[in-house]
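FYI, in numbering that gives the first Met the number 0 the residues of the sequence shown are 0 to 285. Here is the structure we will look at, set down as structure tokens.
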Amino acid sequence: MDVFQSINTLLVSVFALICTLPTVLVLIVSLSDEESIRNKGYSFWPDSFSISAYKSLFTGNHQLLQSYTVSFGVTLVGTAAAVLITGMAGYTLANKQVRYRNKLAFFFFFTMLFNTGLVPWYMINDFLGFKNNIMALIVPTLLFSPFNLFLVRNFMQELPEELFESARMDGASDAYIAFRIVFPLSLPVLATVALFYGLGYWNNWFNAIMLVDKQSLYPLQYLLYKLQSEISMVNQMQGAAASNITLPSESFKMAVAIITIGPIVLLYPFLQRFIIKGLIVGAVKG
Numbered sequence: 000m001d002v003f004q005s006i007n008t009l010l011v012s013v014f015a016l017i018c019t020l021p022t023v024l025v026l027i028v029s030l031s032d033e034e035s036i037r038n039k040g041y042s043f044w045p046d047s048f049s050i051s052a053y054k055s056l057f058t059g060n061h062q063l064l065q066s067y068t069v070s071f072g073v074t075l076v077g078t079a080a081a082v083l084i085t086g087m088a089g090y091t092l093a094n095k096q097v098r099y100r101n102k103l104a105f106f107f108f109f110t111m112l113f114n115t116g117l118v119p120w121y122m123i124n125d126f127l128g129f130k131n132n133i134m135a136l137i138v139p140t141l142l143f144s145p146f147n148l149f150l151v152r153n154f155m156q157e158l159p160e161e162l163f164e165s166a167r168m169d170g171a172s173d174a175y176i177a178f179r180i181v182f183p184l185s186l187p188v189l190a191t192v193a194l195f196y197g198l199g200y201w202n203n204w205f206n207a208i209m210l211v212d213k214q215s216l217y218p219l220q221y222l223l224y225k226l227q228s229e230i231s232m233v234n235q236m237q238g239a240a241a242s243n244i245t246l247p248s249e250s251f252k253m254a255v256a257i258i259t260i261g262p263i264v265l266l267y268p269f270l271q272r273f274i275i276k277g278l279i280v281g282a283v284k285g
């Protein structure tokens, strides 16, 4: 290893360490005693540690496991369906034999510039029955992002046209070409949009606020938001009553952050090797 590579490796390592520090701080604060946080603020070296925040989250809270299941199921099903629809739409727009494909692409592009607003969105979902059921957490955000669609289309347009012609000469149908040839070759960009969709579904709490009243259907993000609001309200009421009992509000916030990022952050290492190639090639204008 020459001097340049050594310096480069050292700089990248230092930068990676700096990027990791905020997450480490969040973890330490989530395990800090509430009194220590009030005295020293957020610190890597708190006066004392405590797991009271995690106890508040998990003790007797069976709803947390239920919400974890809901979020995991919604993310899994929603991401798979969204990637499938985006891939099929991207293949259609990249297929040069499809007439008016540029006009179709304009319709998708138009939705990137203008949207209908919140009230029509709510009325349509209510009319279609996407309310107080699991579909309300999946379908309203299932209709793919046009940005991801164009990313996939541009990637597929970079594939050799001779590949399509050879398959058609052998009698292959469009479905066969799409699922047996194009999609496997487009794995980098499909993995990239899968990560985007997965993050979107995992962090989505807006659909639950607008369309879900049943507690059994609360996703994890919305449940933790409600718990945090309730703890803040209780602390305010106790402060007004001059009580000596204090709930772990600050460490609770950080514990919530650790719990919510846990499963989804494990997804990135498995998809990371596809993401750079998928973004670079898919971003090239076709």
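Heads up, the beta-carbon is just placed ideally off N, CA and C, and yes, glycines get one too. Keep in mind the model is a prediction, meaning the values are calculated, not measured.
Serine 70 (DSSP reduced to helix, strand or coil)
If DSSP states are grouped into helix, strand and coil, serine 70 belongs with the helices.
May I have the straight-line CA-CA distance separating phenylalanine 149 from tyrosine 200, to the nearest angstrom?
Roughly 20 Å between the two C-alpha positions.
May I ask you to list the residues that DSSP assigns as paired with phenylalanine 48?
The secondary-structure analysis by DSSP pairs phenylalanine 48 across a beta bridge with Ser31.
Determine the direct distance from the alpha carbon of valine 69 to that of arginine 167, and round the result to whole angstroms.
One C-alpha to the other measures close to 43 Å.
Shortest alpha-carbon distance to tryptophan 120 belongs to which of Tyr217, Gly89, Ala135?
Out of Tyr217, Gly89, Ala135, the CA that lies nearest to the CA of tryptophan 120 is found in Ala135.
With distances taken from CA atoms, which of Ala52, Phe43, Ser47 is nearest serine 250?
Among Ala52, Phe43, Ser47, the Cα nearest to that of serine 250 is on Ala52.
Whole angstroms is fine: what's the gap from leucine 127's alpha carbon to leucine 210's?
If I take the Cα positions, the gap works out to 12 Å.
Helix, strand or coil: which one does DSSP assign to alanine 166?
Secondary structure at alanine 166: helix, using DSSP grouped into helix, strand and coil.
Let me know if tryptophan 204 comes out buried or exposed under the rule of 16 or more other beta-carbons within 10 Å of its beta-carbon.
It counts as buried.
Look at the Cβ atom of leucine 30, then the Cβ atom of serine 55, and state whether they are nearer than 8 Å.
Leucine 30 places its beta carbon 8 Å or farther from that of serine 55.
Would you call the region 106 to 124 and the region 153 to 162 in contact, with 3 or more CB pairs under 8 Å?
Contact between the region 106 to 124 and the region 153 to 162 is absent, with fewer than three C-beta pairs closer than 8 Å.
Have a look at lysine 284 and asparagine 153 and give me their C-alpha separation to the nearest angstrom.
Since pLDDT at lysine 284 reaches only 48, below the 50 mark, its modelled position is unreliable, and the value read off the structure follows with that caveat. Between the C-alpha atoms of lysine 284 and asparagine 153 there is a straight-line separation of about 6 Å.
Exposure of glycine 40, with buried meaning 16 or more beta-carbon neighbours within 10 Å
Per the 10 Å Cβ criterion, exposed.
Touching or not, the region 77 to 96 and the region 212 to 229, by the rule of three or more beta carbon pairs under 8 Å?
Result no; under three Cβ-Cβ pairs closer than 8 Å.
Is it buried or exposed for serine 66, if we count other Cβ within 10 angstroms and need 16 for buried?
Buried, by the Cβ-count rule.
Of all Cβ atoms in chain D, is any one closer than 8 Å to the Cβ of alanine 190?
No chain D is part of this structure, which consists of one protein chain only.
Note the first and the last residue of the continuous alpha helix (DSSP H) segment covering valine 188.
For valine 188, the uninterrupted alpha helix (DSSP H) segment begins and ends at 186 to 201.
Within 10 angstroms of the Cβ of alanine 81, are there 16 or more other Cβ atoms? Answer buried if so, exposed if not.
Label assigned to alanine 81: buried.
For the putative contact between phenylalanine 182 and leucine 189, defined by C-beta atoms under 8 Å, what is the C-beta separation to the nearest angstrom?
About 7 Å separates the Cβ atoms of phenylalanine 182 and leucine 189, confirming a contact at the 8 Å cut-off.
Let me confirm a value: phenylalanine 129 is counted as buried when at least 16 other C-beta atoms fall within 10 Å, else exposed. Which label applies?
Around the CB of phenylalanine 129, 16 or more other CB atoms lie within 10 Å, so the residue is classed as buried.
Looking only at its own chain, which residues have a Cβ that is under 7 Å from the Cβ of threonine 259, when we skip the five neighbours before and after it?
Annotation for threonine 259: Leu219, Gln220, Leu223 place their beta carbon closer than 7 Å to its own, counting only its chain and skipping 5 residues before and after.
Buried or exposed by the 16-neighbour rule on C-beta atoms within 10 Å, applied to glycine 197:
Answer is buried; the Cβ neighbour count reaches 16.
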